[in-house]
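Taking it in order: structure first as structure tokens, then the write-up.
Residue numbers (the numbering used here): 474 to 711.
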């Protein structure tokens with residue numbers, strides 16, 4: 474039998490001991506642009522048309538959108554009806570969760586991987602319980618995350634896109650890979666739960682794709698997850 478790594482040997486430290494590279498000051502308030510690039514103007518018209526005819530308005534994105542402080546822009550779009558589904562990777566939840574919980578996120582890989590502490594923070598590991606909750610309650614990962622943040626004790630939940638989407642009834646679908654995210658390092662990581670809940674989200678995303686005709690799909694900051702799940706879902710609905 475081939476041996477596997479014993480995760481009980483790992484040492485988890487509190488987030489209070491981590492040096493954070495970003496805090497909530499990065500989150501900006503939406504302002505009207507003085508000038509709009511032609512490509513974005515064309516896309517804005519497409520979004521407007523999609524909304525008017527009831528077609529899907531899908532936003533697919535990676536975590537850099539959150540790290541760039543675009544949360545309130547996304548919330549504004551959700552509230553105005555220009556996003557009907559958010560498709561995200563696992564890192565989006567990690568940054569969103571940490572910002573909502575402690576008002577800070579992001580660590581230096583170089584600094585912490587050198588001493589074996591990268592990603593091994595106690596409170597971040599609590600995200601793994603969300604996957605278990607999702608399976609128990611028959612939810613997707615995104616919906617379960619939104620429920621936890623919206624209903625939990627998170628001092629900065631007002632900047633959580635997961636909480637806002639949950640409150641508005643907008644699906645956030647999470648598409649994760651085992652070993653991709655720091656929560657995979659933790660002893661409480663349940664690969665079966667994460668896989669089942671993420672597959673539920675994939676099917677929810679695919680359901681949204683059924684009404685994409687005459688709709689709109691945006692992709693920001695995701696060169697792998699977004700095009701890959703889009704192609705598979707597109708083939709399924711066609």
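Idealized CB from N, CA, C, for every residue including glycine.
All of these numbers come straight from a predicted model, not from anything done at the bench.
Interface flag, residue i vs chain B, CB-CB below 7 Å
{"i": "residue 688", "result": "The structure shown contains no chain B, having only a single protein chain."}
Collapsed DSSP secondary structure at residue i in the structure displayed
{"i": "residue 711", "result": "coil"}
{"i": "residue 635", "result": "helix"}
{"i": "residue 645", "result": "strand"}
{"i": "residue 617", "result": "helix"}
{"i": "residue 578", "result": "strand"}
{"i": "residue 448", "result": "Residue 448 lies beyond the stretch modelled for the chain, which goes from 474 to 711, so this question has no answer here."}
{"i": "residue 656", "result": "helix"}
{"i": "residue 703", "result": "helix"}
Residue from the options whose Cα sits closest to the Cα of residue i
{"i": "residue 572", "options": "479, 495, 661, 651", "result": "495"}
{"i": "residue 646", "options": "679, 490, 514, 629", "result": "679"}
{"i": "residue 559", "options": "527, 521, 641, 503", "result": "641"}
{"i": "residue 538", "options": "520, 561, 527", "result": "561"}
{"i": "residue 663", "options": "607, 527, 499, 521", "result": "607"}
Endpoints, alpha helix (DSSP H) assigned at residue i
{"i": "residue 582", "result": "582-586"}
{"i": "residue 682", "result": "664-682"}
{"i": "residue 766", "result": "In this structure the chain extends from 474 to 711, so residue 766 is not present and cannot be described."}
{"i": "residue 595", "result": "595-598"}
Chain-order list of residues whose beta-carbon lies under 8 Å from that of residue i (same chain, five-residue window excluded)
{"i": "residue 486", "result": "590, 593, 594, 595"}
{"i": "residue 524", "result": "530, 554, 555"}
{"i": "residue 576", "result": "496, 497, 628, 629"}
Start-to-end residues for the beta strand (DSSP E) that takes in residue i
{"i": "residue 692", "result": "689-693"}
Contact set for residue i: own chain, Cβ-Cβ below 6 Å, skip 5 residues either direction
{"i": "residue 689", "result": "519, 520, 523, 530"}
Contacts around residue i, its chain only, beta-carbon distance under 7 Å, and the 5 residues preceding and following it disregarded
{"i": "residue 619", "result": "635, 636, 638, 639, 645"}
Next item on the list: Quick one: which unbroken beta strand (DSSP E) runs of 3-plus residues sit fully inside the region 483-570? Chain order, please.
Entry: 530-534, 558-561
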